[in-house]
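Numbering (UniProt numbering), first residue to last: 1 to 396. C-beta: ideal position from N, C-alpha, C; glycine also. Let me begin by presenting the structure, written as structure tokens, before commenting on it.
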Amino acid sequence: MGDKKRSGKHHDDDEEEINHWQRVTASFKNFPFYQLKKLEEIEGQLKKGLESYPDILDEQLKFITARKDQLMEMIPFISLLVARSPFPPIGQPTDEDFGRVASVMRQFVREWSEEGKLERDMCFNPIFKALSKYCPSSSDSTVESPIVLVPGSGLGRLGYELSQLGYAVECNEVSVFMLLGSAVALNFFTSAEQFTVMPLICETINMVKDEDIVKKVKIPDILPGKSPKASSKSMPKFCLCAGEFLDCYACDCEEKEAEERAECCKDSKEECCTVTDDSVIKKKNPCSTCERYDVIVTCFFIDTAHNVTKYIERIAKLLKPGGIWINLGPLMYHWVGMGDQESLEISWSTIKSISEKNGFMLCEEELLRDIPYCSYHERLRENRFNCIFSVMRMPE
Ligand SMILES: C[S@@+](CC[C@H](N)C(=O)[O-])C[C@H]1O[C@@H](n2cnc3c(N)ncnc32)[C@H](O)[C@@H]1O
């Protein structure tokens with residue numbers, strides 16, 4: 001896997017970035033101890049709450065002891081993650097950091113286990129179908145592969161699958177927790193089902209059966225890079241760009257346009273340099289970052305934006321004329337209610353109008369119901385979403 005690093009505004013400070021990597025690595029290293037502490041807290045609650053039921057308490061305490069022992073089974077995988085980090089484990093992880101490690105573990109089940117296959121199929125298959133309809137890849141190795149960008153690529157499985165289908169893929173991911181996980185998933189497993197994770201071992205709520213709490217999940221389901229297609233000569237390029245989407249794919253022409261606009265509008269109240277025609281914003285003099293991709297695939301991504309209009313504008317700029325944007329996901333807007341953080345929350349119909357203003361033409365749209373996300377065991381409350389699936393095209 002190639003690893004492309006583009007510095008963005010937020011990563012100018014190298015020292016801060018190194019400290020962050022070190023603390024992330026420490027979070028993975030200390031995760032089993034954090035879980036042990038959580039199990040001890042659960043043990044305390046059980047002792048208090050089940051006092052009047054000594055037999056059941058006894059059973060539950062034995063179950064806690066078994067869970068503590070089972071935690072050790074995750075250590076080989078944790079050790080690999082820590083060993084493959086470019087930085088040593090230094091720093092004091094917070095509860096939030098450990099929460100992020102726990103979500104990486106759940107994401108490993110979604111992306112890299114047999115248990116995650118059903119939810120992967122539900123998300124990825126509509127995307128693959130749209131790709132083969134609107135921008136098919138060719139089995140002829142002399143033909144240039146279409147270039148696909150996958151922002152918010154998580155642990156890289158979608159990007160990997162696309163590369164297996166013959167596309168040249170660039171993944172983009174901001175979270176160092178996910179970046180470390182995807183580096184391991186894509187490069188450092190040595191056999192299928194090499195490791196065990198137990199993503200629910202500290203779970204206390206919405207469980208149906210105690211057995212589900214200790215369900216072991218084997219990862220990876222396949223060995224990337226050693227599967228038959230990947231070893232063939234036609235293996236297309238695959239790379240990962242680390243950083244925030246808008247920072248990584250900022251383009252010069254946007255800045256130039258803003259400067260020109262500021263200059264031109266200096267003495268006028270009107271935005272005289274925004275080129276509009278029938279209310280559609282037109283691209284002006286694309287720079288080298290613009291118009292590079294045949295397809296952009298956003299899967300459970302657009303609602304990570306502080307302002308989704310910025311993502312739409314950037315996607316429109318990055319696509320080649322005639323390029324395709326395939327989107328699948330809910331609109332749960334990750335920044336909603338987060339103190340003073342910017343969070344624009346708009347409906348799908350407004351997103352469509354903004355996309356049209358940026359030149360997109362809607363080719364397909366469907367509401368996909370009950371799409372699971374990291375929801376592979378039966379629980380009393382499941383993580384399922386009604387998702388918008390859409391395909392839009394830029395004009396030729
Ligand atoms: C809900 S997850 C979806 C992951 C993957 N696409 C999937 O379907 O499993 C969203 C991902 O986007 C990443 N992300 C969030 N904001 C981002 C940004 N501004 N730039 C790049 N990645 C971002 C998160 O770290 C996370 O890995």
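- request: In angstroms with no decimal places, state the Cα-to-Cα distance between Tyr-293 and Tyr-249.
  value: It is roughly 12 Å from the alpha-carbon of Tyr-293 to the alpha-carbon of Tyr-249.
task: On a CA-only basis, which of Lys-117, Phe-108 and Cys-374 is nearest Ala-183? Give me that one, please.
output: The residue with the shortest Cα to Cα distance from Ala-183 is Phe-108.
Best match in Cys-374, Phe-389 and Thr-65 for proximity to Glu-119 [C-alpha to C-alpha]: With distances taken between CA atoms, Glu-119 lies nearest to Cys-374 out of Cys-374, Phe-389 and Thr-65.
- prompt: For ligand 1, is there a heavy atom less than 7 Å away from the beta-carbon of Leu-158?
  reply: It does: the Cβ of Leu-158 is within 7 Å (strictly closer) of some heavy atom of ligand 1.
- prompt: Assuming Lys-317 contacts Cys-290 under a Cβ cut-off of 8 Å, what Cβ separation, rounded to an integer in Å, is found between them?
  reply: With a Cβ gap of about 5 Å, Lys-317 and Cys-290 count as contacting.
query: CB Gly-152 to CB Leu-186, shorter than 8 Å?
result: Not in contact: Gly-152 and Leu-186 (Cβ atoms no closer than 8 Å).
task: Work out the CA separation of Met-338 and Ile-205 for me, nearest whole Å.
output: Answer to the nearest angstrom: the Cα atoms are 24 Å apart.
Endpoints, the alpha helix (DSSP H) within which Met-392 is located: Per DSSP, Met-392 belongs to no alpha helix (DSSP H); it is in the beta strand (DSSP E), 384-393.
field: Cβ-heavy atom distance, Arg-67 to ligand 1, below 7 Å
entry: No, ligand 1 has no heavy atom inside 7 Å of this Cβ.
- prompt: Taking the C-alpha atoms as reference points, what is the distance between Phe-177 and Ser-137?
  reply: Computed Cα separation, rounded: 32 Å.
- prompt: So, helix, strand or coil for Ala-346, using DSSP?
  reply: This sequence places Ile at residue 346; Ala is not what is there. DSSP places Ile-346 in coil when its eight states are reduced to three.
message: Assuming Thr-196 is part of the beta strand (DSSP E), what are its boundary residues?
response: DSSP places Thr-196 in the uninterrupted beta strand (DSSP E) bounded by 195-197.
field: Phe-389 versus Phe-87: straight-line alpha-carbon distance, rounded
entry: Roughly 39 Å separates the two Cα atoms.
- request: Out of Leu-36, Asp-340, Glu-366 and Ile-127, point me to the one whose CA is closest to Ser-349's CA.
  value: Comparing Cα positions, the closest option is Glu-366.
- prompt: Would the C-beta of Val-208 count as close to ligand 1, meaning under 7 Å from any of its heavy atoms?
  reply: Flag unset: Cβ of Val-208 not near ligand 1.
- request: Express the C-alpha separation of Glu-313 and Asn-358 in angstroms, rounding to a whole number.
  value: Our two residues, Asn-358 and Glu-313, have alpha carbons roughly 6 Å apart in a direct line.
task: Name the residue from Glu-193, Lys-215, Met-207 and Lys-209 whose alpha carbon lies nearest to the alpha carbon of Pro-224.
output: Among Glu-193, Lys-215, Met-207 and Lys-209, the Cα nearest to that of Pro-224 belongs to Glu-193.
query: DSSP beta-bridge partners for Thr-298?
result: In the DSSP output, where bridge partners are listed per residue, Thr-298 has Asn-327.
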